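Just remember that the numbering used here sits 76 ahead of the position in the sequence shown, which is counted from 1. Every residue, glycine too, gets a C-beta built ideally from N, C-alpha and C. Bear in mind that the values here come from a model prediction, so they are computed numbers and not experimental data. These notes are about the structure you will find just below.
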Amino acid sequence: MTNSNGKVLRSEAWFGPRDLEGFLHRSGLKNQGWDEDSFAGKPVIGIANSWSEATHCNAHLRVIAEHVKRGVIAAGGFPLEFPTISLGEFFLTPTSMLYRNLMAMDVEEMIRGLPIDGVVLLSNCDKTTPAMLMGAASADLPAIIVTGGPQLKGNWRGEELGSCTDCRRYWSELRAGTITQAEYDSMEEAIYRSPGHCMVMGTASTMSVICEALGMTPPGGAAIPGADSRRRVFAERAGATAVDLVRRNTRPSELLTEEAFENAALSLLALGGSTNAIIHLTAIAGRAGIDLPLAKWEELSDRVPVIANLKPSGKYLMEDFFYAGGAPAFFKKILHLLNQDCVNVNGKTLAQNVGDAECHNDDVILDPGHALYPDGGISILKGTLAPDGAVIKRSAASSDLLQHTGRAVVFSSPADLHRRIDDPDLDVTENDILVMQDAGPIGGPGMPEAGFMPLPRKILEQGVRDMVRISDARMSGTAFGTVVLHVAPESAIGGPLALVRDGDMISLDADGGRLDLLVDDDELRRRRADLESSEAVTHMQPERGYMHVYNRHVMQAQHGCDFDFAVGRTPVATHVEMEGH
Ligand code: FES
C-alpha cells in the first residue's frame with residue numbers, strides 16, 4: 077500500500093525486502109502456518125492483548141481477539157496478536173496502580189517495536205484501559221481500543237448485586253453483625269458469574285465510556301456485556317475498522333484533541349463516574365500533549381448533571397445501561413454540552429454517530445431535567461489541608477456530611493488503620509473525621525484504593541453507615557460514602573496531611589470547594605520542624621528495579637500520577653520509503 081508521497085506502510089520494511097532480513101521476517105510468519113499471500117502488502121494490525129488468568133476481568137479476551145482477527149482478515153488486513161502485561165485489581169499487590177505506567181510503557185514500546193501499521197488494544201480491568209490508551213497516545217500509530225465489556229448483573233437469592241459496591245455494603249453488614257459469614261460467603265459466586273469487568277459505574281465502566289467519548293472505540297462498544305454475543309460482533313467490526321483506520325492513516329493525535337478530552341471529562345461527570353478516572357484521564361491527556369488541570373474539572377463540574385442512574389451513585393447496573401441504549405443514548409442526552417464535531421475512529425463525528433440513538437429506559441439514563449444530581453457529581457477541593465487539590469464524589473456521599481466540621485482521628489498509614497480501626501478503646505464518635513496518611517503515590521506506594529476506610533465496628537454497631545474520611549489514597553470507583561481522596565501534596569512528601577494530629581479540627585465544605593485544617597500557623601510550623609527532623613519522612617529509595625524508577629519519577633495526583641519523563645508523544649512513522657516501490 078503506497079501513500080500519496082510514494083511511501084509504503086511501515087510493515088513493508090519488515091516483510092517487503094528480498095534480502096536476509098526480509099527472509100527472516102517472512103519466515104517468522106510462515107513458521108506459524110501463514111502463506112505469504114495472507115500478509116504480503118497488507119496492513120498489519122497488531123492486537124495488543126492484556127488477557128491473563130490473573131486478571132479475571134480480562135480472562136475472556138483471547139476469545140475477543142479471535143473475533144477481532146476475523147474482522148481484520150475480512151477487511152483485507154493481516155492480524156498479529158501479541159501479549160502485554162496485565163493488571164488485575166484482585167490479585168496484584170500492593171496495588172495495580174503501581175504498575176499502570178509500566179504497562180503504558182510496555183504497550184508504547186511494543187507498538188513502536190513490532191512490524192504493525194495499526195493496533196487494536198484489548199483491555200478491560202481498571203488500569204488496563206488507561207495504560208493502553210497512554211501507550212497508544214505516546215506512540216501515535218493508528219489505534220482502536222476494544223474493551224471486554226461488563227459482567228452480567230449479580231444475582232443473590234433474587235437480589236440484583238453489583239460488584240463491588242454490594243460486596244462492600246454487605247461487608248459492612250457482616251461487620252455490624254446483621255448477616256452471617258455463611259451468607260456473605262454464598263455471595264461470592266452469585267455476584268461474579270460471567271466474563272467482564274465490574275458492572276457498576278466503577279473505574280472500568282467509566283473508562284469504557286471514556287474510550288467512546290474520546291472517539292477511540294467505535295460507537296456503542298462501551299457497555300455491551302462481556303457475555304453477550306454482540307460483544308464479539310462488535311470486536312469483529314472493530315477489527316475491520318482498524319484496517320480502514322490504517323488506510324485513512326488516522327492517528328490518535330487527530331482524535332485526542334482538547335475538545336475530545338473535554339467530552340471525556342463531561343461524560344465522566346455526567347456518569348457520576350469513578351474518581352480514579354480523573355487521574356487516568358489527566359495522564360492520557362498528558363501523553364497526548366494536552367493539559368487537563370484540576371481547574372478545568374472545577375469549571376466543568378458545576379454545569380454537568382449526573383444522569384446515569386447507576387450504582388454506586390444510583391440504582392441500576394451496566395447491563396441495564398446497555399439495554400437502555402448505552403453510551404450513544406447517554407451522549408445524546410448531554411449532546412448540548414459536548415463538542416459534537418469530535419471524530420471517532422470510524423471517521424464520523426460524535427453528532428453523526430449518536431444521531432439515531434434512542435433511550436429505551438429514561439429511569440436508567442435520566443433526562444438532564446430529572447438528574448440524579450443536578451450539578452457536579454464530583455467536586456474538586458482546595459484549602460489548607462490540600463493546597464494542590466483533593467477530590468470528593470458528592471453523588472456517592474451523604475448529603476448531610478458534605479458540609480461538616482469535625483475532630484480528626486488520625487491513622488499514620490493503611491496498616492495502622494487496619495490495626496486499630498476496630499479497637500474498642502479507639503476514641504471516635506460518628507461526628508469525627510477519619511484521616512489516613514501515607515497512602516499517596518509515593519507513600520502507598522502506588523496510591524492504593526485504601527481511601528474507602530472501613531468505619532470502626534463500634535460506630536457500625538450504632539447503625540451509622542457513613543463518616544467523613546480523608547486521605548491521599550484513591551478509592552475504588554465501586555465504593556461510596558463521604559470520602560475525600562487524592563489529597564495533594566501527599567503526606568509522604570510533606571503535604572499538610574502529614575501534620576494532622578488526633579483532635580485537630582477539620583472543615584469540609586464540598587459546596588464551597590474547601591478542605592481546611594483548623595490549626596494555627598505557629599503550631600503547624602512546629603509540627604513541620606519536628607517532622608523534618610524525624611526519620612519518619614525518609615521514604616525508602618530503592619536502588620534497583622522498577623521501584624527505583626517509580627519513586628524518582630512518579631508525579632502527584634493532580635498530574636495524573638504519570639512518570640515525568642513519559643509525558644507527551646514520540647510518533648512512530650506510519651510510512652517509510654522503500655526502494656523498488
Ligand atoms: Fe476488574 Fe473491578 S476487578 S474491573
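Chain-order list of residues whose beta-carbon lies under 7 Å from that of residue i (same chain, five-residue window excluded)
i, result
"Arg604", "Leu575"
"His629", "Phe639, Asp640, Phe641"
"Asp439", "Asn385"
"Arg533", "Arg251, Asp498"
"Met186", "Ala124, Phe158, Thr160"
"His136", "Gly224, Pro271, Gly302"
"Pro500", "Lys534"
"Ser455", "Ser377, Ile468, Arg470, Ala586, Gly589"
Local Cβ density within 10 Å of residue i, reported as buried at 16 or more and exposed below that
i, result
"Pro401", "The residue you asked about is not Pro; residue 401 is Gly in the sequence shown. Classification for Gly401: buried."
"Thr169", "exposed"
"Gly445", "exposed"
"Tyr58", "Residue 58 lies beyond the residue range present for the chain, which begins at 77 and ends at 657; the question has no answer from this structure."
"Asn507", "exposed"
"Asp548", "buried"
"Gln257", "exposed"
"Thr326", "buried"
"Asp432", "exposed"
"Arg324", "exposed"
"Phe115", "buried"
"Asn177", "buried"
"Asn79", "exposed"
"Ser552", "buried"
"Lys203", "buried"
"Gly482", "buried"
"Pro388", "buried"
Helix, strand or coil at residue i according to DSSP, with G and I counted as helix
i, result
"Val120", "strand"
"Leu209", "helix"
"His101", "helix"
"Leu448", "coil"
"Val144", "helix"
"Lys469", "strand"
"Ala484", "strand"
"Trp232", "strand"
"Phe166", "coil"
"His651", "strand"
"Pro328", "helix"
"Ala353", "helix"
"Thr279", "helix"
"Ala427", "helix"
"Arg590", "strand"
"Leu345", "helix"
"Ile509", "strand"
"Met543", "coil"
"Asn627", "helix"
Whether residue i touches residue j by CB criterion (8 Å)
i, j, result
"Gly349", "Gly302", "no"
"Ala515", "His562", "no"
"Val222", "Ala207", "no"
"Ala572", "Thr460", "Note that residue 572 is Pro in the sequence shown here, rather than Ala. A contact, by the Cβ cut-off of 8 Å."
"Thr131", "Cys201", "yes"
"Gly194", "Leu342", "no"
"Ser87", "Val120", "yes"
"Ile582", "Ile518", "no"
"Leu198", "Ile286", "no"
"Gly527", "Arg541", "no"
"Ala316", "Ala151", "yes"
"Ala314", "Gly296", "no"
"Glu288", "Val144", "no"
"Pro328", "Ala219", "yes"
"Lys469", "Thr358", "no"
"Glu554", "Ser239", "The identity of residue 554 in the sequence shown is Thr, whereas the question assumes Glu. Taking 8 Å as the Cβ cut-off, Thr554 and Ser239 qualify as a contacting pair."
"Leu493", "Met523", "no"
"Phe91", "Gly98", "yes"
Chain-order list of residues whose beta-carbon lies under 8 Å from that of residue i (same chain, five-residue window excluded)
i, result
"Ala89", "Pro191, Val652, Met654"
"Glu330", "Val419"
"Leu376", "Glu338, Ala341, Leu342, Leu345"
"Ala266", "Gly230, Asn231, Trp232, Arg233, Leu237"
6 Å CB neighbourhood of residue i in its chain, flanking five on each side removed
i, result
"Arg306", "Ile300"
"Asp396", "Val440"
"Tyr399", "none"
"Gly164", "Ala130, Thr131, Cys201"
"Ser475", "none"
"Ala180", "Ala207, Met210, Gly211"
Interface flag, residue i vs chain C, CB-CB below 8 Å
i, result
"Ser239", "Absent from the structure is chain C; it holds one protein chain and no more."
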